[in-house]
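Just so we're aligned, residue 4 is where the sequence shown starts under our numbering, counting upward by one.
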Amino acid sequence: MVDIENAIFNQVATAYDASFPNGSRYSEAVETPANFPALILYQEDKASSGYTNLPADKITLAVEVYSNLVSGGKQQCKSIMELVRNTLNGFGKWELVFENQIRNADERIYRMRARYRGIAVQESETTDEITVRIYKN
Numbered sequence: 004m005v006d007i008e009n010a011i012f013n014q015v016a017t018a019y020d021a022s023f024p025n026g027s028r029y030s031e032a033v034e035t036p037a038n039f040p041a042l043i044l045y046q047e048d049k050a051s052s053g054y055t056n057l058p059a060d061k062i063t064l065a066v067e068v069y070s071n072l073v074s075g076g077k078q079q080c081k082s083i084m085e086l087v088r089n090t091l092n093g094f095g096k097w098e099l100v101f102e103n104q105i106r107n108a109d110e111r112i113y114r115m116r117a118r119y120r121g122i123a124v125q126e127s128e129t130t131d132e133i134t135v136r137i138y139k140n
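And the structure:
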């Protein structure tokens, strides 16, 4: 079984930190982010890919972004979603299941969610780091 959640999160977190150094990011669902803007990215689902001679799994990633800007919160969230999408596409082609705004309990905070699906294939076991490509389902 391929477990690439950490490898994916690390690459997205590095790109996020470079663009939003004062923001917060999490690799699991959280009730309330510590700082804004905030990024939450985690593997929501994993299932067998059906490949018999290849270590591969079907995975679904959940992405949530938050902004507390009084003006420009929507644009900041869209910018973070674009950063996530571009970083994920560095692994290969993902299927975007959805990306939309959702109502937040605190209406002063703008919030967006997205889901991505793909098949994670482990290409090499010769190093400590996992090398993967994501193939569209």
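C-beta atoms are modelled at their ideal positions from N, C-alpha and C, and glycine is treated no differently.
Quick caveat, the model's predicted, so the values are computed rather than measured.
- When DSSP states are grouped into helix, strand and coil, serine 30 belongs to the coil group.
- Ranking Tyr119, Gln79 and Gly121 by CA distance to the CA of isoleucine 112 puts Gln79 first.
- Note: glycine 76 is not bridge-paired with any residue in the DSSP secondary-structure output.
- Within the DSSP secondary-structure output, glutamate 8 pairs in no beta bridge.
- Contact between alanine 32 and arginine 118 is absent: CB atoms are separated by about 13 Å, not below the 8 Å threshold.
- Fewer than three beta-carbon pairs drawn from the segment 39-48 and the segment 92-101 are found closer than 8 Å, and the two stretches are therefore not classed as touching.
- Nearest C-alpha to glutamate 102 among Ile7, Arg28, Val87 and Gly75: Val87.
- From the listed residues Glu110, Ala50, Ser51 and Thr63, the smallest Cα separation to serine 74 is found for Glu110.
- Leaving aside the five residues that flank alanine 18 on each side, the residues in its chain whose CB is nearer than 7 Å to its CB run, in chain order, Leu86 and Thr90.
- Secondary structure of lysine 96 (DSSP, three-state): coil.
- Put simply, the backbone Cα of serine 51 is about 28 Å away from that of arginine 28.
- Using a 10 angstroms sphere on the CB of valine 100, the tally of other CB atoms stays under 16, which defines it as exposed.
- Contact check for arginine 120 against threonine 35 fails: the beta carbons are separated by 8 Å or more.
- Rounded to whole angstroms, isoleucine 105 and alanine 37 show a C-alpha spacing of 20 Å.
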